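If you read the sequences in order, they're chains A and B.
According to numbering that gives the first Met the number 0, the stretch in the first sequence is residues 0 to 491, in order.
According to numbering that gives the first Met the number 0, the stretch in the second sequence is residues 0 to 246, in order.
Virtual Cβ for every residue (Gly too), placed ideally from N, Cα, C.
Every value quoted in this text rests on a predicted model; they were computed, and no experiment measured them.
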Amino acid sequence: MISTFFSHELKAFWRSKNTGKSIAIRIVMAVLILYLLLNMLLVGFFLDKVLKHLFPNDSLIFSFCGIILIYYLFELFSRLQLQELPTLRVQPYLQLPIKRNTIVGYLALTAMFSVFNLWPVILFFPFIFKVVLHDAGGTVALAFIISIFGISIFNNYLALYIKRKANLNGWIFLIVAAVMVLIGLADFMWHIISIRNISYLFFGNLMHHPVIARVPVLLGAGMFYLNFLYLKQNLYLEELSAKKDKYKSSTEFPILNYFGATGDLVANEIKLMLRNKRPRSSLVMSLLFLFYGLIFYGKPGLKDSDTFKVFIGMFMTGFFIISYGQFMYSWQASHFDGLMVSKVNFTNFLKGKYLLFTVASTAAFLLTIPYVYFGWHVLLIHFIMYLWNLGVSITIVLYFANRNAKRIDLSRGASFNWEGVGASQLLLGLPLYIAPFIIYIPFKIWGHPNLGLALMAAIGVAGILTRNYWIQVLEADFYKRKFTITEGFRNK
Amino acid sequence: MIQIKDLKKVYSGVIVVNIPQLEIRKGESVGLVGNNGAGKTTLFRMILDLIRPETGEVLSNNEPVAGHENWKNYTASYLDEGFLIDYLTPEEYFYFIGGLHQQTRAHVDDFLAGYADFFNGEILKKGKYIRDLSKGNQTKVGIASCLLQQPEFLMLDEPFANIDPTTQFRLKNILKDVNKKGVTTLVSSHDLNHITDVCDRILLMEKGKLIKDIATSSSTLAELEKYFAIGETTVPPAAKVDEEENH
């Protein structure tokens, strides 16, 4: 039975529309994943060098033993945010004559297929083979390997257990997060406890008594069993899925009433962002990106580079345009038919997009004003890039939106979600990121960077002033592709 | 009201809709019946300019629907949940649709108050987004939003599916009512009783073609039942799928 489940799962993966049919996307995905893996492998392979550099006074194995538990604490934290619960896929099997134990067992087992369980192997195993095996012998190395598997499994199921509980009661997540932050603070800020020492207490002893490798294995098995029991007792769809029943109230944005029909469309789109998981996370990301400048402007070498400021300015004032705009119209895929047959004027529809992006960019620009701390020039460049985004980036993004016919399921999370990603997202990046530099760099080489900046500002302003023209162009362009887009959006 | 000329749609080599000529006159109430795959929904979508036909065109008030937007002013339609904005509350959705037709909130509230029975207390002020409503209740929202637009031409695709018997009766009365007021209606259904009750004219589709176009009379139901009950003599009664579908 388990093998039948497994083959269904594989089919579901390969036949799902969002696996990405086009080869280009698969290649890019594969390259990205490989790159990440390679990076991790590199860190794992040179972990001894890294540790030597970080803790020059301690012995290698001592510092290695020390970091393991710290790693797992971070891992638990990221698991809680990123790891997906394997749930609703069991729906079609529940009413069939299949033993509950089989279903639950399968559900619990597939939870092991998570990238997170690969990281410790890549990170720690090279070190174990290089150093531990050499210094302490085969038995100890084996004990290390077993322990690491044990803790990984424990972490895996602990994270899932917490997530399942948190689905029923949102406070649990907050409490767990608070506890973890407190543990972190207690160690790194207040120095009350030392995770390094606790970690060493176990792994140090493991060196002399390899038998205690049984402890993490038992912990892992215990956690698995706890999950198994919990799932078995709660094998009801409404409890497995993450729905919370709260009273949803209607909201209004009175300011938007000034914009008439366009304002209504923008109000709907703001609700779309606030009430759905994936667009909400792109909103949060744009807020986080406002700190992007802090990373670079603080560095003395980069502080004086205007080229960098152009790049960072564009990103900070325009990240929302990029992150939300690249999936434009797909967000509305589920009700696009409705929009097309109702009395929505497409000109107003486009004006709504311009208005939304203008508001978001303006807010981002206002929030980046404190960067004036790094000099007036920074603010000036931010302002120029803000004009550029309003005048040029929005139009580019909307032009590519007309070429995007991939449906997006709003309710699913953003992390590792490749749904709706197509060639248009990959191509969109090119003109968006490169265009400012095509204008700026020649002037810089010529020795008049400020002329380049002025030209960009002028193009931005020109773009803003000629918006109505671009809206007409985009509308005509849309009607050429309307049927392709509506059909694509109907394709679940 | 609606004129169809040489309309043809082909999906991967198969002709799914092929209608050389059809006219729906103002004030008619037209019912569309046919088995699954007969091309009913595809026809609806082409009338709404959501699918591009291979050949031919659809005229609404003597103007092609493709490339024009005037028909949106007097046409209201509900085909499936894809017509609803599912992350809005029903109220927000009604206000949005009303706003598109320059109706004030007070006007929308007034209108909705008249549909309290139809909603049966399950739609308004329940604190749910449309996506959290059951399929039947979503259908109710879709139908009500159509009526809110006070259309001259109303299109509903299988509105009787998913809704409870009481609402089915209410919907029949509503449809008869709006038709009396001069609204042209085009409704598809698998329920032959309902459709012959509500519509003056029945179109029967089979594999993309209109094979019957009859004015409803006392013998229409029997005629349709005879058509749909093909093979009833050779196969046990359980195979009489079509009438039972969607119930």
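Chain-ordered chain B contacts of residue i [CB-CB under 8 Å]
i	result
A:A260	G98, L99
A:N275	Y86
A:Y246	G126
A:M339	L47, D48, L49
A:S281	Residues of chain B passing the Cβ test: none, with the nearest at roughly 15 Å.
A:L409	Y86
A:R489	G81
A:F482	L49, I50, R51
Spatial distance of residue i from residue j (CA atoms)
i	j	result
B:Q249	A:D263	In the structure as shown, chain B starts at 0 and stops at 246, and residue 249 of chain B therefore has no counterpart that could be examined.
B:G81	A:F335	7 Å
A:P448	A:E268	39 Å
A:K481	A:L397	14 Å
B:M45	B:S187	15 Å
B:V240	A:S281	Any reading at B:V240 is ruled out, since the residue's pLDDT is 48, under 50, leaving its predicted position unreliable.
B:P236	A:Y323	At B:P236, the pLDDT of 49 sits below 50, so the modelled position is not reliable and the matter cannot be decided from this model.
A:T316	A:F288	9 Å
A:M339	B:L49	7 Å
A:A110	A:L84	7 Å
A:L217	A:I211	10 Å
A:F326	A:V343	21 Å
A:N204	A:V120	21 Å
A:P91	A:I144	38 Å
A:T361	A:I440	26 Å
A:H207	A:T138	10 Å
A:V309	A:L9	45 Å
A:G428	A:T250	35 Å
B:T166	B:H67	35 Å
A:E486	A:Q331	13 Å
B:I173	A:I171	49 Å
Option nearest residue i by Cα separation, candidates the options
i	options	result
A:K350	A:T394, A:L286, A:T261	A:T261
A:F442	A:M455, A:Y432, A:L431, A:V396	A:M455
A:F76	A:L173, A:P278, A:M284, A:A434	A:L173
A:I437	A:G451, A:I463, A:N233	A:G451
B:D85	A:V130, A:V180, A:R274, A:Y156	A:R274
B:S144	A:A453, A:I470, A:G337	A:G337
A:Y328	A:Q424, A:A140, A:V180, A:E8	A:Q424
A:A158	A:L72, A:L95, A:F45	A:L72
B:Y94	A:F399, A:N256, A:I470	A:N256
A:F4	A:Y105, A:L409, A:C64	A:Y105
A:K98	A:I197, A:V472, A:L234	A:L234
A:K491	A:G65, A:W330, A:I407	A:I407
A:G149	A:I67, A:A177, A:V130, A:Y34	A:I67
A:F126	A:L95, A:V42, A:L117, A:L184	A:V42
Amino acids of chain B, ordered along the chain, whose beta-carbon sits closer than 9 Å to that of residue i
i	result
A:V343	K71, L99
Cβ pair residue i, residue j closer than 9 Å
i	j	result
A:I458	A:W387	yes
A:F345	A:Y478	yes
A:N154	A:R78	yes
B:V29	B:I201	yes
B:L155	B:L185	yes
A:S146	A:F201	yes
B:L111	A:S341	no
B:K8	B:G207	yes
B:E266	B:A37	This structure cannot speak to residue 266 of chain B, because chain B is shown only from 0 to 246.
B:P150	B:V107	no
A:K270	B:E91	yes
A:I395	A:D305	no
A:A135	A:F227	no
A:I492	A:A404	Nothing about residue 492 of chain A can be read from this structure; chain A reaches only from 0 to 491.
Listed by chain order, chain A residues near residue i by CB distance under 7 Å
i	result
B:L83	H334, G337
B:S76	V340
Assumed close pair residue i, residue j - CB separation to whole angstroms, cut-off 8 Å
i	j	result
B:T40	B:F152	B:T40 to B:F152, Cβ: 17 Å. No contact.
A:I69	A:R213	Going by Cβ atoms, the distance from A:I69 to A:R213 rounds to 23 Å, so no, they are not a contact pair.
B:T138	A:K247	Not a contact, Cβ separation roughly 20 Å.
B:D199	B:E27	6 Å
B:F117	B:R169	5 Å
A:Y353	A:I294	Going by Cβ atoms, the distance from A:Y353 to A:I294 rounds to 31 Å, so no, they are not a contact pair.
B:L6	B:G55	4 Å
Distance cut-off 8 Å: residue i Cβ against heavy atoms of the ligand GTP
i	result
A:Y224	For the structure depicted, the ligand GTP is absent and the ligand set is empty, with no information on it obtainable.
Contact list for residue i against chain B, beta-carbon separation under 7 Å
i	result
A:D263	F95, G98
A:T485	L49
Within chain A, the residues that residue i reaches when beta carbons sit closer than 9 Å
i	result
B:E91	S249, T250, E251, A266, N267, K270
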